[in-house]
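Asks: Mind having a look at this structure? Questions to follow.
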Amino acid sequence: MEKSQRCNKDTNTNIGFCLLPSELIQNILFHLCIPEIIRMKLLNKFVLNTISDQSFIRQLNHGSQRDTWIFVYTRRWRRDNGVLHGFSNRSVRWFKIPVAEILTGEVFPGEDLYLLTASGNFLLFASNTHSGILAVDLVDKSVRRINSCPLGPRGTSSWRRSGMKLVPDPSNPSHFRFMFAEMVNNRPVLFTYHSNTTTWTTKEAEEVNNWGFKKNNNVFLSLSNRPHESIVMSVDDGSMMNRVPSILRPRMNQDAIRGCPSSVGFSRNDLESQLLHIHGDDYKVVIGLDTIELSKMKRMKSLEVWKISSNGEKWELVSRAPSEVISNKLCGVMMGCLERRLGVIRVALMTNREGLWNIIWLDYDKEKDKWEWVPLPHCRFLQGSNMAGISFSSGLTFSL
């Protein structure tokens, strides 16, 4: 009886929604995230036709492209079917995304997957079991296996987050390029996978004179991060697709070290126990941690954003986060990821205290010189799970 009443209520709600003016229905849909709109397609034929309209899709994509997502992949044990959760900066809840269903029939039984990176509609997973890469399109619900990497089989421990970049094709959301940088025989090499041709290309990078370095449209891939010097590969992602990648060696200058010893003093003890460096694009975040007495717990005491200078020679301090946006929560383990997009530097920090995971999301708008703590719903899905990857991503879109 109760089930029948609930079904009738849902049916009446669906009919009432469809009786609304089409302009109002579209306006309601524009305020939803793509996963919610995908589910709305199942409502009835009228809503499906509205969502499939080319004009509607263009307007929807225009807004959705500016969204920022954070994806978290977890597993209960090593070789179970992992669970993917996503959160958008304009949503109010975590979305449980059925990635295991998408992967059904595409992965081998017991395949050990780890989320490498994400951008646009695509997520890349590395397989420890077969040392390969899978690209998952969340909107089209399709999977493709990437041909063997030129370096041969690679387990998840071989990949470095700050040394890779997934770049969607702006003219065709169903294609992408996957770039990563590695030292091969002590030489810096760029490897690029092109999904439209399903082929890999390799280019050896060259040292660059400061006067020849330009930051516009460049992709930055980290090769090495030492206390006083980093090695970063700069890839021109503009129209000059055949240009040779450049090597930059930004350093911390002495003035910066004297002016901010807490972050760049880099004594060996501090480097191991008091500082956390997170690299991404041409920026890095340096987090100062306080150790709690008679405890293995730590507390965040400072957070600074640094960027590569315009000539590529040094690291320059951009901003220090005000105390009100720094968490005072205790943590035992901390890791994170960083992304620069649309003038905003975004930092996600994963903290663990006595087996309980938590996520902190901070935004810094460089133009406005404004810090913001992005509130996240409670991450209940993390408890009792093992982390298998975290990544920021640009907005999801529908294909025209």
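For the sequence shown, the UniProt record's numbering assigns the number 1 to the initial residue and increments by one for each residue that follows. We put the beta carbon where it would ideally sit given N, CA and C, even for glycine. The structure displayed is predicted, hence computed values, not measured ones.
(1) DSSP beta-bridge partners for C379?
(2) Counting only runs of 3+ residues fully inside the segment 80-165, write out the beta strand (DSSP E) ranges in chain order.
(3) According to DSSP, simplified to helix, strand and coil, what is N27?
(4) Hey, quick one: how far does the alpha helix (DSSP H) through F46 stretch, first residue to last?
(5) Sorted by chain position, which residues of the same chain lie with C-beta nearer than 7 Å to Q26's C-beta, five sequence neighbours on each side aside?
(6) Check whether the Cβ atoms of S52 and C33 lie closer than 9 Å to each other.
(7) For S22, I'd like the list of residues in its chain whose CB is within less than 8 Å of its CB, leaving aside the five on either flank, ordered along the chain.
(8) Could you check whether I70 and A348 sit closer than 9 Å to each other, using their CB atoms as the reference points?
(9) Give me the Cα-Cα distance between S323 and T198, rounded to the nearest whole angstrom.
(10) Note the first and the last residue of the continuous alpha helix (DSSP H) segment covering R75.
(11) Please list, in chain order, all residues of the same chain as S142 whose beta carbon is under 8 Å from its beta carbon, the five residues on each side excluded.
(12) Distance, Cα to Cα, N89 vs V344?
(13) Roughly how many angstroms lie between the CA atoms of M300 and I287, to the nearest whole one?
(14) For S391, count neighbouring Cβ atoms within 10 angstroms of its own Cβ and tell me buried if that reaches 16, exposed if not.
(15) Starting from the C-beta of E111, find all residues in its chain whose C-beta is less than 6 Å away, skip the five residues before and the five after it, and write them out in chain order.
(16) Is DSSP giving R340 helix, strand or coil here?
(17) Would you kindly check if the distance between the Cβ of G132 and the Cβ of S148 is under 9 Å?
(18) The beta strand (DSSP E) with R320 in it runs from where to where?
(19) Taking 9 Å as the cut-off, decide whether the C-beta atoms of W371 and A321 are in contact.
(20) Could you give the first and the last residue of the continuous alpha helix (DSSP H) run that contains M40?
(21) Is K284 near I292, with beta carbons less than 9 Å apart?
(22) Taking H194 as part of the beta strand (DSSP E), name the residues at either end of that continuous run.
(23) Just to check my reading of the structure: R353 and C337 have Cβ atoms closer than 8 Å, yes? What is that Cβ distance to the nearest angstrom?
(24) For the beta strand (DSSP E) that R243 lies in, which residues bound it at each end?
(25) Could you have a look at E367 and say whether DSSP puts it in helix, strand or coil?
(26) How many angstroms separate the CA atom of G82 from the CA atom of K203?
(27) Report the rounded CA-to-CA distance for D236 versus T351, giving the unit in angstroms.
(28) Looking only at its chain, what residues have a beta carbon closer than 6 Å to the beta carbon of F381, apart from the 5 residues adjacent to it on each side?
(29) How should L248 be labelled, buried or exposed, when 16 other C-beta atoms within 10 angstroms of its C-beta is the threshold for buried?
(30) Near P261, what residues of its chain come up, given a Cβ to Cβ distance below 6 Å and the 5 sequence neighbours on each side ignored?
(31) Could you check if Q274 is buried or exposed, using at least 16 other CB atoms within 10 Å of its CB as the buried criterion?
(32) Would you call the CB atoms of L138 and F125 closer than 9 Å?
(33) Give the secondary structure of S263 by DSSP, where H, G and I count as helix, E and B as strand, and everything else as coil.
(34) Considering just the uninterrupted stretch of the beta strand (DSSP E) at R251, what are its terminal residues?
(35) Can you look up E354 in the DSSP assignment and give me helix, strand or coil?
(36) How far does the beta strand (DSSP E) with L19 in it reach, from first residue to last?
Replies: Per the coordinate set shown:
(1) As a working mapping, residue 379 is identified with position 379 in the sequence shown. According to DSSP, which records beta bridges pairwise, C379 is partnered with nothing at all.
(2) The DSSP assignment places 83-88, 95-97, 113-119, 122-127, 133-137, 142-146 as complete runs of the beta strand (DSSP E) inside the segment 80-165, in order along the chain (cut-off: 3 residues).
(3) Working through the sequence shown from its first residue, we reach residue 27 at position 27. In the structure shown, N27 sits in a helix (DSSP, three-state: H, G or I).
(4) Residue mapping note: residue 46 aligns to position 46 of the sequence shown, counting from 1. Here the alpha helix (DSSP H) through F46 covers 45-52.
(5) One-based indexing of the sequence shown puts residue 26 at position 26. Annotation for Q26: T50, F56 place their beta carbon closer than 7 Å to its own, counting only its chain and skipping 5 residues before and after.
(6) Along the sequence shown, one-based indexing puts residue 52 at 52. Along the sequence shown, one-based indexing puts residue 33 at 33. No Cβ-Cβ contact shorter than 9 Å links S52 with C33.
(7) What you label residue 22 is simply residue 22 of the sequence shown in a count that begins at 1. These residues qualify, in order along the chain: T50.
(8) Your numbering for residue 348 matches position 348 in the sequence shown. Your numbering for residue 70 matches position 70 in the sequence shown. With contacts defined as CB atoms closer than 9 Å, A348 and I70 qualify as a contacting pair.
(9) Residue 323 sits at position 323 when you count from the first residue of the sequence shown. Residue 198 sits at position 198 when you count from the first residue of the sequence shown. Spanning the alpha carbons of S323 and T198 requires a straight line of approximately 48 Å.
(10) Residue numbering aside, residue 75 sits at position 75 when the sequence shown is read from its first letter. Looking at the DSSP string, R75 is not in any alpha helix (DSSP H); the run it does join, the beta strand (DSSP E), is 68-75.
(11) Residue mapping note: residue 142 aligns to position 142 of the sequence shown, counting from 1. The answer, listed in chain order, is I102, V136.
(12) Indexing the sequence shown from 1 puts residue 89 at position 89. Indexing the sequence shown from 1 puts residue 344 at position 344. So the alpha carbons of these two residues sit roughly 13 Å apart.
(13) To locate residue 300, count along the sequence shown from 1; it is residue 300. To locate residue 287, count along the sequence shown from 1; it is residue 287. M300 and I287: Cα-Cα distance of roughly 7 Å.
(14) To locate residue 391, count along the sequence shown from 1; it is residue 391. It counts as buried.
(15) What you label residue 111 is simply residue 111 of the sequence shown in a count that begins at 1. Excluding sequence neighbours, E111 sits near S127, T129.
(16) For this step, residue 340 is matched to residue 340 along the sequence shown. Strand, per DSSP.
(17) For the purposes of this step, residue 148 is taken as the residue at position 148 of the sequence shown. For the purposes of this step, residue 132 is taken as the residue at position 132 of the sequence shown. It is a contact, given that the beta carbons lie within the stated cut-off.
(18) If you number the sequence shown from 1, residue 320 lands on position 320. Segment 315-320, the beta strand (DSSP E) holding R320.
(19) The sequence position of residue 371 within the sequence shown is 371, counting from 1. The sequence position of residue 321 within the sequence shown is 321, counting from 1. Their beta carbons are under 9 Å apart, which means W371 touches A321 by this criterion.
(20) Sequence index remark: in the sequence shown, residue 40 carries index 40 (1-based). Note, M40: alpha helix (DSSP H), 34-40.
(21) Reading the sequence shown from its first residue, position 284 is the one you call residue 284. Reading the sequence shown from its first residue, position 292 is the one you call residue 292. With respect to I292, K284 sits apart: the two C-beta atoms are not nearer than 9 Å.
(22) The residue given as residue 194 occupies position 194 in the sequence shown. In the DSSP assignment, H194 falls within the beta strand (DSSP E) that extends over 187-194.
(23) The sequence position of residue 353 within the sequence shown is 353, counting from 1. The sequence position of residue 337 within the sequence shown is 337, counting from 1. In this structure R353 does not touch C337 by the C-beta definition: roughly 20 Å separates them, more than the 8 Å allowed.
(24) Along the sequence shown, one-based indexing puts residue 243 at 243. From DSSP, R243 is part of no beta strand (DSSP E); its letter is neither H nor E.
(25) Along the sequence shown, read from residue 1 onward, the residue named residue 367 stands at position 367. In the three-state scheme derived from DSSP, where H, G and I count as helix and E and B as strand, E367 is classed as coil.
(26) Residue numbering aside, residue 82 sits at position 82 when the sequence shown is read from its first letter. Residue numbering aside, residue 203 sits at position 203 when the sequence shown is read from its first letter. Their Cα atoms are separated by approximately 35 Å.
(27) The residue given as residue 236 occupies position 236 in the sequence shown. The residue given as residue 351 occupies position 351 in the sequence shown. Each residue's Cα considered, the two are about 35 Å apart.
(28) Within the sequence shown, numbered from 1, the residue matching residue 381 stands at position 381. Correct list, in chain order: H85.
(29) One-based indexing of the sequence shown puts residue 248 at position 248. Answer is buried; the Cβ neighbour count reaches 16.
(30) In the sequence shown, the residue the question calls residue 261 occupies position 261. Residue confidence for P261 is low, a pLDDT of 37 falling below 50, so the modelled location carries little weight; the figure read from the coordinates is stated next. Around P261: no qualifying Cβ.
(31) Your numbering for residue 274 matches position 274 in the sequence shown. Q274 should be labelled buried.
(32) Counting from 1 along the sequence shown, the entry for residue 138 is found at position 138. Counting from 1 along the sequence shown, the entry for residue 125 is found at position 125. No; because the gap between Cβ atoms is not below 9 Å, this pair is not in contact.
(33) Reading the sequence shown from its first residue, position 263 is the one you call residue 263. The predicted position of S263 is uncertain, since its pLDDT is 36 and thus under 50; a value taken from the coordinates is nonetheless stated next. DSSP, reduced to helix, strand and coil, places S263 within a helical segment of the structure shown.
(34) As a position in the sequence shown, residue 251 is number 251, starting the count at 1. For R251, there is no enclosing beta strand (DSSP E), as DSSP marks it with neither H nor E.
(35) Counting from one through the sequence shown, the residue named residue 354 turns up at place 354. DSSP places E354 in the coil class of the three-state scheme, outside both helix and strand.
(36) As a working mapping, residue 19 is identified with position 19 in the sequence shown. Premise fails: L19 is in no beta strand (DSSP E) and is neither H nor E.
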